[in-house]
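For reference, the structure discussed in these notes is given below.
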Amino acid sequence: ATTAPTRDLTIAEVRLTPILVADAPLLNTQGVHQPYTPRLIVEIVTADGITGLGETYGDTKYLEIARPLAERLTGRSVMDVNGLFALDLGVDASRVQGQVDAGGLRGVQSADKLRLSVLSAFEVACLDAQGRALGLPVHALLGGRLRDSVEYSAYLFYKWAGHPAGVTAEPDDWGAALDPAGVVAQARTFKDRYGFTSFKLKGGVFPPDEEIAAVRALAEAFPGHPLRLDPNGAWSVETSLKVAKELGDVLEYLEDPTLGTPAMAQVSAGTQVPLATNMCVTTFGEIKEAFTKDAVQVVLSDHHYWGGLRGTRELAAICAAFGVGVSMHSNTHLGISLAAMTQVAATVPNLHHACDTHYPWQSEDVLTERVAFDGGRVAVTDAPGLGVTLDRDELERLHRRWTEDDGTLRDRDDAAAMRTGEPGWRQPVMPRW
Ligand code: GKR
Ligand code: MG
4 ATTAPTRDLT
14 IAEVRLTPIL
24 VADAPLLNTQ
34 GVHQPYTPRL
44 IVEIVTADGI
54 TGLGETYGDT
64 KYLEIARPLA
74 ERLTGRSVMD
84 VNGLFALDLG
94 VDASRVQGQV
104 DAGGLRGVQS
114 ADKLRLSVLS
124 AFEVACLDAQ
134 GRALGLPVHA
144 LLGGRLRDSV
154 EYSAYLFYKW
164 AGHPAGVTAE
174 PDDWGAALDP
184 AGVVAQARTF
194 KDRYGFTSFK
204 LKGGVFPPDE
214 EIAAVRALAE
224 AFPGHPLRLD
234 PNGAWSVETS
244 LKVAKELGDV
254 LEYLEDPTLG
264 TPAMAQVSAG
274 TQVPLATNMC
284 VTTFGEIKEA
294 FTKDAVQVVL
304 SDHHYWGGLR
314 GTRELAAICA
324 AFGVGVSMHS
334 NTHLGISLAA
344 MTQVAATVPN
354 LHHACDTHYP
364 WQSEDVLTER
374 VAFDGGRVAV
384 TDAPGLGVTL
394 DRDELERLHR
404 RWTEDDGTLR
414 DRDDAAAMRT
424 GEPGWRQPVM
434 PRW
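When the letters of the sequence shown are read in order and numbered with full-length UniProt numbering, they come out as residues 4 to 436.
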């Protein structure tokens, strides 16, 4: 008789490492990216010495929840992911009240979203550990991959050539992009370096006519390539309809043209251009109203706040039931999250659009080998777990940057970063145009 090998999948240790990662001066409607952005790296170590990796937002409010959670996990099993999500983390609404951060760019802030954004990193780390213990890739734990590679779209941003003078920052070689020619040049660099054939432009930065001109320039430079424009809700219903009319022939979809489900529903009723969102449908509770009102045709998942990789699959199933498309958007992230996105994306049957990723903007990572794009796609690895390896020296270096920071960069604040370049700059009242 054969006996199954015994493994001890009890959690023996959880390590949390907050880091600051170099970021480029990318513009959005709330300001500009800081020179360094906070991320949290989670390591879950089993009694057998297997380590699973996870990554999420590193701002203070996430750390405050992650730290006590980490202490409670010792002695539990990495297999008990449902139990992990059932834990009461004691996150109350007052934690999010009056907080201003980039969360404004990813919909409502709520205690539950905060809780899920922390848990997702632990879920991914558990799945990574399970996969490593079993010698199976994470996608196998989610039912198996349906595709060999996952397509990503280039994420174009208006950007300054560098961060404001006098600010400590890492240089980047992308140059400025502040007009249609700059946007097209940036798209060309993306295509040359990574092979992307689908493009998303972050809008809401310049008056709509300038952004319409930029998308037109992209359509001329890259005929037939899918294009998206995402102003993060900066436009009124009227402006959204005008943009949809002018760009209707070239847009794959318009992403969050305006704020809130009722306004999105009005835009949706007045155009044939599909609307996508990572702002008005960001929690399961928001689905019913949006789908009932036909406010959106594509929901952009983000495993960090949709409850991890399993939550992402649940979202995709609901979208399928309602005939709503599904894809993924991203925030500044590193290779652990890109690997996690790729593993889950490989298992989602109804993924019909390229996912977007900030990863090419990150010159630094905590992996020994960066996740690679080939023809704009990431190959779905069959290596155990997420298939990535932590570079401990790099983790330590980026953590040192976090410990040495005086606190100004530990919470992402795009408006504050904008004010270092343009004193007196004020966050615009929405709708901006
Ligand atoms: O990084 O500036 C940014 C993006 O605007 C990000 O924060 C958004 O959450 O990329 C996201 C989006 O699709 O709206
Ligand atoms: Mg978006």
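Glycine is no exception: its CB is placed at the ideal position from the N, C-alpha and C atoms.
- Secondary-structure assignment with DSSP links Glu16 through a beta bridge to Val48.
- Sequence-distant partners of Glu397 (beyond 5 residues in either direction) whose C-beta falls short of 6 Å from its own C-beta, in its chain, are Val369.
- Burial is judged here by how many other beta carbons sit within 10 angstroms of a residue's own beta carbon; Gly251 has fewer than 16 and is exposed.
- The residue among Val127, Leu278, Gly273 with its C-alpha nearest the C-alpha of Pro234 is Leu278.
- Taking the Cβ atoms as the reference, Ala27 lies roughly 6 Å from Trp177, within the contact range of under 8 Å.
- Beta-bridge partners assigned by DSSP to Ser80: Thr13.
- Distance between Gly311 and Val351, taken at the CA atoms: about 13 Å.
- In this structure, Glu292 sits near Thr264, with a CB-CB distance shorter than 8 Å.
- For Leu139, the Cβ stays outside the 7 Å cut-off from all heavy atoms of the ligand GKR.
- Three or more beta-carbon pairs drawn from the segment 385-397 and the segment 125-145 are found closer than 8 Å, and the two stretches are therefore classed as touching.
- Along the length of the segment 312-350, whole alpha helix (DSSP H) runs at least 4 residues long occupy 338-348, reported in chain order.
- Any heavy atom of the ligand MG within less than 7 Å of a residue's beta carbon puts that residue on the list, which reads Asp233, Asn235, Glu258, Asp259, Asn281, Met282, Leu303, His332.
- Cβ atoms of His36 and Asp359 stay farther apart than 8 Å, at about 15 Å.
- If you keep only unbroken alpha helix (DSSP H) runs of at least 4 residues inside the segment 199-224, you get 211-224.
- Straight across, the Cα-Cα distance linking Asp95 with Ala184 is about 47 Å.
- Here the alpha carbons of Leu230 and Thr285 stand approximately 22 Å from one another.
- Shown here, Lys64 sits in a helix according to DSSP, grouped into three states.
- The shortest CA-to-CA distance from Gly198 to any of Ala157, Glu67, Ala419 is the one to Ala157.
- In the displayed model, Val240 falls within a helix according to three-state DSSP.
- Listed as beta-bridge partners of Arg231 by DSSP are Lys203, Tyr256.
- Under DSSP, Lys162 forms a beta bridge with Leu29, Ala180.
- Beta-bridge pairing by DSSP links Arg42 to Ile22, Tyr60.
- Contact annotation: the segment 15-29 touches the segment 44-51, with at least three C-beta pairs closer than 8 Å.
- For Pro431, the secondary structure class from DSSP, reduced to helix, strand or coil, is coil.
- Rounded to whole angstroms, the Cβ separation of Thr59 and Val121 is 6 Å, and the two are in contact under 8 Å.
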